[in-house]
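Some notes on the structure that comes next.
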Amino acid sequence: MKRRNHSCLIVTMMAIVSLLIVVLYGTINSQQSVTSGLQPDYRLLGRQLYKLDINWPKYPEVFSGEVFGVAVNQYAGVVYVAQRGDSVPKVLVFSTDGEFLQAWNTSTLEMPHGIFVSDASTNPSVWVTDVGNGPYGHSIKQYSPSGKLLKVLGTMGEAGSGVNPLQFDQPAEIFVHSSGEIYIVDGDGGVNNRLIKLSKDLELLWMHGEKGQGLAQFYIPHSVAVDDYQRVWVADRGNKRIQVFNSVTGDWLGTWGSCFTEDAPYSVRLTADQKYFVVVQLNTNQISLLDAPPVGVIGQCKVVSVIQLAEDIKPHLVDLDLKTGALYVAEIGAQQAQKFILLNLGSSIL
183 MKRRNHSCLI
193 VTMMAIVSLL
203 IVVLYGTINS
213 QQSVTSGLQP
223 DYRLLGRQLY
233 KLDINWPKYP
243 EVFSGEVFGV
253 AVNQYAGVVY
263 VAQRGDSVPK
273 VLVFSTDGEF
283 LQAWNTSTLE
293 MPHGIFVSDA
303 STNPSVWVTD
313 VGNGPYGHSI
323 KQYSPSGKLL
333 KVLGTMGEAG
343 SGVNPLQFDQ
353 PAEIFVHSSG
363 EIYIVDGDGG
373 VNNRLIKLSK
383 DLELLWMHGE
393 KGQGLAQFYI
403 PHSVAVDDYQ
413 RVWVADRGNK
423 RIQVFNSVTG
433 DWLGTWGSCF
443 TEDAPYSVRL
453 TADQKYFVVV
463 QLNTNQISLL
473 DAPPVGVIGQ
483 CKVVSVIQLA
493 EDIKPHLVDL
503 DLKTGALYVA
513 EIGAQQAQKF
523 ILLNLGSSIL
C-alpha cells in the first residue's frame, strides 16, 4: 500500500511539473510574440526608439467608436482623440497620464478625420476636419479646449468643386503653424486633391490642386506637417509617396517613394528634435521612423526604425508630445488610441 501511494505521489508530482512547464512555456512564447510584434521588419534598419505604455489610458473602455485621429497639447498635458460612430461622443479627452477627463457630446461633428491643437502654449484651440456627407460635413471646425464651436472653415454640408479654396470636399487634415499660417490637405477620397496654404487671416497664399501622379499633383493627400526649415511634407496616400514643398513659395522640392512600395503613407509628423519623421502605414500595420534630411537636401527616404503592430490594428493618424517625446497613435481597427514612450536612443534592436 505504501509503495502504491508513493507511486501515485510521484505521478501526481510529475503531472504538476509538466503543467507548470506548459504554462511557463506558453507565457514565454506569449511574451516573445508581443516583443517580436514591436521589432522592426522593414529591412531591419535602425534602433528601438519607443516602447508601448500598457497603462495608457487607464480606462480604455471609454473608447466607443472607430478612432481616427489624435492631437496633443504638451503644455496642458492633454490628449484629444477623435472617433466616429452612431451615438458616440466624437472627441474624447485624456490626460497624458491616462486619466479620462471629458467627452465632447457636440452635435456639430459628423465624421471627424484629422485633429490638431494650435497655439498650445498661450491660447489653445482644437481643429477638426469633418469628412461627412451630411449637413455638418465637408468642413473644418475650430473648438475651444472644452468643445465649444468657435469657427467653421468651408460651408458645412456642401462639397467643394475645386474652384473656391475654402470649399472643401472631405478635407483630410489641417496643420496650424506657430506663425498662425494654416496648411490643409483637402481630398480624403473626394473630388478635390489639394494642398492649401492660408494666412492667419484666412487669405489664400498658395495652392496646388491637380489630381495626378506628376510633380505637385496629388491623389488622396492625407496628412501634412511643416518642419523648422520652411518645408511642407505631405503624405500623398493614393500615390504612395511623400511630397515636399517650400512653405514660403509653395515650390516643389522633392518626393519620397522608395520607402512605401508595400503600403502608402497615411500620417506624417516630426519628432521634437526634428531628427525623425513618424510615418504610419495602415494596411501593413506599421509605424515607421524616417531620417529627416538636413537643410537644402531632400534625397531618398531612409527607414530608421519600425514599430510593427499586430494584424488588423490599422493605425491611421499620429501625434507627438513635443515635451516628453511620447507618440500617440489613433487605431481604427482596434478602436483605440495608444501611447508609445520614447526610449534611450542608444538602445539597439538588433
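All residue numbers for the sequence shown refer to my numbering, where the first residue is 183 and numbers rise by one.
Note that the Cβ used here is the ideal one computed from N, Cα and C, for glycine as well.
The beta carbons of G336 and S321 sit closer together than 8 Å. When DSSP states are grouped into helix, strand and coil, N255 belongs to the strand group.
DSSP places N428 inside the beta strand (DSSP E), whose first and last residues are 423-428. The C-beta of Q482 has fewer than 16 other C-beta atoms within 10 Å across all chains shown, which makes the residue exposed. In this structure, S405 sits near E355, with a CB-CB distance shorter than 8 Å. Between the alpha carbons of L274 and N287 lies a gap of roughly 9 Å. If you ignore the 5 residues before and after L452, its C-beta comes within less than 7 Å of the C-beta of A407, D409, F459, A474, all in its own chain and listed in chain order. If you look at D473, you'll find it in the beta strand (DSSP E) that goes 468-473.
For M389, the beta-bridge partners assigned by DSSP are I378. If you draw a 10 Å sphere on the C-beta of Y241, you find fewer than 16 other C-beta atoms in it, and that means exposed. Taking 4 residues as the shortest admissible run, the region 271-342 contains no complete alpha helix (DSSP H) segment at all. Cβ atoms of W388 and K382 stay farther apart than 8 Å, at about 15 Å. Apart from sequence neighbours up to five positions away, the residues of its chain that approach A302 with a beta-carbon distance below 6 Å are N255, Y257, ordered along the chain. In the DSSP assignment, P353 falls within the unbroken beta strand (DSSP E) covering 353-358. Annotation for Y241: no beta strand (DSSP E) segment contains it, and DSSP assigns it neither H nor E. Beta-bridge partners of Y262 (DSSP): A253, V275. In the three-state scheme derived from DSSP, where H, G and I count as helix and E and B as strand, S269 is classed as coil. In the DSSP assignment, G436 falls within the beta strand (DSSP E) that extends over 434-438. Three or more beta-carbon pairs drawn from the region 486-506 and the region 230-241 are found closer than 8 Å, and the two stretches are therefore classed as touching. Shown here, R451 sits in a strand according to DSSP, grouped into three states. Boundaries of the beta strand (DSSP E) harbouring S487: 485-490, taken from the DSSP string. In this structure, P353 lies away from M338, with their beta-carbon atoms at least 8 Å apart.
In summary, K333 is exposed, with fewer than 16 beta-carbon neighbours lying within 10 Å of its beta-carbon over all protein chains present. Secondary structure of R419 (DSSP, three-state): helix.
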